[in-house]
Amino acid sequence: MNVHPKFGGDDAGMAGENARTRTAVRTVIALTNDPALQKALEELAASDAAVSVVVVADMRALTDELMQQDSACALIDAAALDAPIDAATDAITSQFPDLRLMVAGHGAEQNMLATRISNQSVFRFVHKPASPQRLRLFLDAAARPVERPVTRKAEPATAGKESLARIDTAVRGKSPQTLAIIGVVAIVAVTVGAWIFWPKGVARPDAAPAVAAVNQDPAIADLIKRGMMAFAAGKYIAADGSSSAELYREALKLDRNNATATSGYNRAIEYALRTAEETLLAGRLNEASAMAESLRLIAPNNSRLEFLNTQISRELARANADSSQRQALEARQAQVRTALDRMSDRMRVAAFVDPSTNSAISHFRQAEAAGPGDPAVRSAREALVAAMLTAADNELTARRTPAAKRLLDGAASINSSAPGLDVLRRRLEEVISAVAAAASVEQARTDTPPAAAAVTTAPAAAAITPAVAVPIGPVPASSLTVLRKSSPEYPQRALQQLVSGWVDLEFTVNTDGSVKDVVVTKSEPGSTFDGAATKALLRYRYAPVLRNGEAVQQRAQMRMRFTAQDAK
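For the sequence shown, the residue numbers in our numbering are -14 to 553.
Next up, the structure:
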């Protein structure tokens, strides 16, 4: 048996206390004589102390190693075999049915193993040459446990707990469409078991919590229900307000301590990340990029998302090295440019929503479909949403609420997390209420008898004025046109200590475009950057805000960020 020494991290050979405190090692048994593949495996093991690699030269040595390594996965290089790769995989999987088997090769071998890949007897196919990063992705996927339901007779006193254990085991690895059914079965099993086997003479638990759950805020209950349905349908994340993560997030806005909404939100993000990673492993880069972009809009600070984006960028770079892939990329980029040019043309004439086949939104959707991860698409998204919010603000000023609602709904379908969207939605509700109040007053005045009309005319007119007047609330600063910016002076102590943070500001743009009445609404950390941000904002200059052809004062809000690494 020709077995190379195990490759590991810097502490791979340590013994004693250090060895006992290390994380569990994932072992890969690799059958290959390809120097490039062996080097990639060495680099993987050197960069991750939790990975151990054993290289063997033939099938007998591979079998011997697998007999000794209970939790190992195997990697077979098709070029290292004398026999056909399909026969070799059949032989090894028949002997080790639970083995996570990966095969390295080229297109011909992949075609030969297509059926085995689809039925998961071959867990993953690795295209050569393989990078350490790609091997790590496959190994991480192979390391995820797949547990099978364990059937055993439950004792009466613990029937409910064992039922839950079996159900929890069965849920792992199942598709989310079955989760709702499995959840119902779990609840029924525990409830019936507890009721039947509850000790006599001891009061059974009261049903008040269930009643409380039923009597919770109807809006929150509806959002949670829709979030569960979206999750069961596999729609974990999107940017149009209809996904599971977005619906749970809206519920948390109403009740940030709601445990069901918090759990649902975290579960939706987890499944979305897992789906994106599996899509990337399957080689569908466009789909993975689209999922990553949706995740960025909903959970931009997720640590796994940063790693996913790095892997997507590397895979895109590798794919683009091929000439045919490069030509396809250039064609997609041309489609993106054409669609974005048409979007800009429609924005100039304020055709944001209509007509449906030739609107700014429809052309943006075409660009997004052609290049979901393109930076130009990301910039276009922000520009289009900002323009639509500005147009909606103008419609609200003119009290054209139907047009304003269509613009706000359209902006939400592109980015439900857009800054200022919630502010304008609240203002829409205020305008609708004000218009309804004015209509009621006018109706009451019309129904008043002529003799009394003269007496009540003045008070009625006075009542109309405050009902119709609608204050123009703060708008996102990104929706205004900046003529001059000013970089803030980074506080010296914060710079020396590499402290980063941000400041939320609210301010007024004068009719001449200058800035006044700056107020800090929130900042992090503490008040470290408040003074620097305020001084910088007062030096800004904006284009005057026009309403009905006249310059007016406009209240606005913005977040100014301070990054120590960029300031050094």
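Think of the CB as a built atom: it goes at the ideal place given N, C-alpha and C, for glycine as much as any other residue. Keep in mind it's a predicted model, so treat the numbers as computed, not measured.
ask   = Do the segment 378 to 391 and the segment 342 to 356 meet, that is, are 3 or more Cβ pairs less than 8 Å apart?
value = Too few Cβ pairs lie closer than 8 Å, so no.
Residue(s) in a DSSP beta bridge with Tyr527 = Against the sequence shown, residue 527 aligns to sequence position 542. Tyr527 is bridged to Val467.
query = Within the chosen definition, does the segment 227 to 245 reach the segment 325 to 342 through at least 3 CB pairs nearer than 8 Å?
reply = No, the segment 227 to 245 does not touch the segment 325 to 342.
ask   = Going by C-alpha distance, which of Pro82, Ile14, Leu122, Asp502 is nearest Asp49?
value = Here residue 49 refers to the residue found at position 64 when the sequence shown is read from its first residue. The residue among Pro82, Ile14, Leu122, Asp502 with its C-alpha nearest the C-alpha of Asp49 is Ile14.
key: Assigned exposure category for Asn400 - 16 Cβ within 10 Å defines buried   = Translated into the one-based positions of the sequence shown, residue 400 becomes position 415. Result: buried.
query = Should Lys220 go down as buried or exposed, given a rule of 16 or more other Cβ atoms within 10 Å for buried?
reply = In the sequence shown, counting from the first residue as 1, residue 220 sits at position 235. Looking at its Cβ environment, which holds 16 or more other Cβ atoms inside 10 Å, Lys220 is buried.
key: Endpoints, alpha helix (DSSP H) assigned at Thr12   = The residue given as residue 12 occupies position 27 in the sequence shown. Where Thr12 is concerned, there is no enclosing alpha helix (DSSP H), although the beta strand (DSSP E) around it starts and stops at 11 to 16.
Ala267 to Ala261 span [Cα, whole Å] = On the sequence shown, residue 267 is found 282 positions in, with the first residue counted as 1. On the sequence shown, residue 261 is found 276 positions in, with the first residue counted as 1. Distance from the CA of Ala267 to the CA of Ala261, rounded to the nearest whole angstrom, comes to 10 Å.
Which residues DSSP lists as bridging Leu124, in chain order = On the sequence shown, residue 124 is found 139 positions in, with the first residue counted as 1. When beta bridges are read from the DSSP output, Leu124 appears opposite no residue.
key: Val338 versus Glu291, Ala376, Ser227, residue with shortest Cα-Cα distance   = For the purposes of this step, residue 338 is taken as the residue at position 353 of the sequence shown. Ranking Glu291, Ala376, Ser227 by Cα distance to Val338 puts Ala376 first.
request  = Can you have a look at Glu414 and say buried or exposed, based on whether 16 or more other CB atoms are within 10 angstroms of its CB?
outcome  = Translated into the one-based positions of the sequence shown, residue 414 becomes position 429. Exposed, because fewer than 16 other Cβ atoms sit within 10 Å of the Cβ of Glu414.
Range covered by the alpha helix (DSSP H) that runs through Thr382 = By 1-based counting over the sequence shown, the position of residue 382 is 397. 360 to 382 is the span of the alpha helix (DSSP H), which, as asked, contains Thr382.
ask   = What residue does the alpha helix (DSSP H) around Phe337 start on, and which one ends it?
value = To locate residue 337, count along the sequence shown from 1; it is residue 352. Phe337 -> no alpha helix (DSSP H), and no H or E assigned at all.
inquiry  = Give me, in chain order, the residues of the same chain whose beta-carbon lies closer than 6 Å to that of Ala372; leave out the 5 immediate sequence neighbours on both sides.
reply    = Reading the sequence shown from its first residue, position 387 is the one you call residue 372. Scanning its chain for C-beta atoms nearer than 6 Å, with the 5 sequence neighbours on each side dropped, one finds around Ala372 the residues Met332, in chain order.
request  = With DSSP as the reference, please indicate the residues paired to Ala521 in a beta bridge.
outcome  = Counting from 1 along the sequence shown, the entry for residue 521 is found at position 536. Answer is none; Ala521 lacks a bridge partner.
ask   = Is Ile297 near Ser279, with beta carbons less than 8 Å apart?
value = Taking the first residue of the sequence shown as position 1, residue 297 is located at position 312. Taking the first residue of the sequence shown as position 1, residue 279 is located at position 294. Result no, Cβ atoms of Ile297 and Ser279 do not sit closer than 8 Å.
query = Nearest-angstrom Cα distance between Pro529 and Gln201?
reply = As a position in the sequence shown, residue 529 is number 544, starting the count at 1. As a position in the sequence shown, residue 201 is number 216, starting the count at 1. Going by the C-alpha atoms only, they are around 47 Å apart.
His348, enclosing alpha helix (DSSP H) - first and last residue = In the sequence shown, residue 348 corresponds to position 363, counting from 1. Boundaries of the alpha helix (DSSP H) harbouring His348: 345 to 355, taken from the DSSP string.
task = Whole angstroms is fine: what's the gap from Arg211's alpha carbon to Ala253's?
result = Looking up residue 211 in the sequence shown gives position 226. Looking up residue 253 in the sequence shown gives position 268. A direct Cα-to-Cα measurement between Arg211 and Ala253 gives close to 13 Å.
message = Please identify the residue among Ser364, Gln320, Glu367, Thr342 whose C-alpha is closest to the C-alpha of Ala354.
response = The count along the sequence shown starts at 1 and reaches residue 354 at position 369. In terms of Cα proximity to Ala354, the closest of Ser364, Gln320, Glu367, Thr342 is Gln320.
query = Are Val36 and Thr17 close, meaning C-beta to C-beta below 8 Å?
reply = Here residue 36 is taken as the residue at index 51 of the sequence shown, counted from 1. Here residue 17 is taken as the residue at index 32 of the sequence shown, counted from 1. The Cβ atoms of Val36 and Thr17 lie no closer than 8 Å to each other.
message = Let me confirm a value: Thr513 is counted as buried when at least 16 other C-beta atoms fall within 10 Å, else exposed. Which label applies?
response = As a working mapping, residue 513 is identified with position 528 in the sequence shown. Burial call: buried.
message = Please report whether the beta-carbon of Ile209 lies at a distance below 8 Å from any beta-carbon of chain D.
response = Structure shown: chain D not included; a single protein chain is present.
query = By DSSP, does Ala89 sit in helix, in strand, or in coil?
reply = Working through the sequence shown from its first residue, we reach residue 89 at position 104. Correct three-state label for Ala89: strand.
ask   = From Gln53 to Ser116, what distance separates their C-alpha atoms?
value = Working through the sequence shown from its first residue, we reach residue 53 at position 68. Working through the sequence shown from its first residue, we reach residue 116 at position 131. If you take the alpha carbons of Gln53 and Ser116, they lie about 28 Å apart.
Residue(s) in a DSSP beta bridge with Thr493 = Position 508 of the sequence shown holds residue 493. Lys501, Arg540.
query = What are the start and end residues of the beta strand (DSSP E) that includes Ile559?
reply = This structure cannot speak to residue 559, because the chain is shown only from -14 to 553.
query = Using DSSP with H/G/I as helix, E/B as strand and the rest coil, what is Pro117?
reply = The count along the sequence shown starts at 1 and reaches residue 117 at position 132. Helix.
inquiry  = Using only the alpha-carbon positions, how far apart do Glu255 and Ser79 sit?
reply    = Position 270 of the sequence shown, counting from 1, holds the residue named residue 255. Position 94 of the sequence shown, counting from 1, holds the residue named residue 79. Glu255 and Ser79 have their C-alpha atoms some 34 Å from each other.
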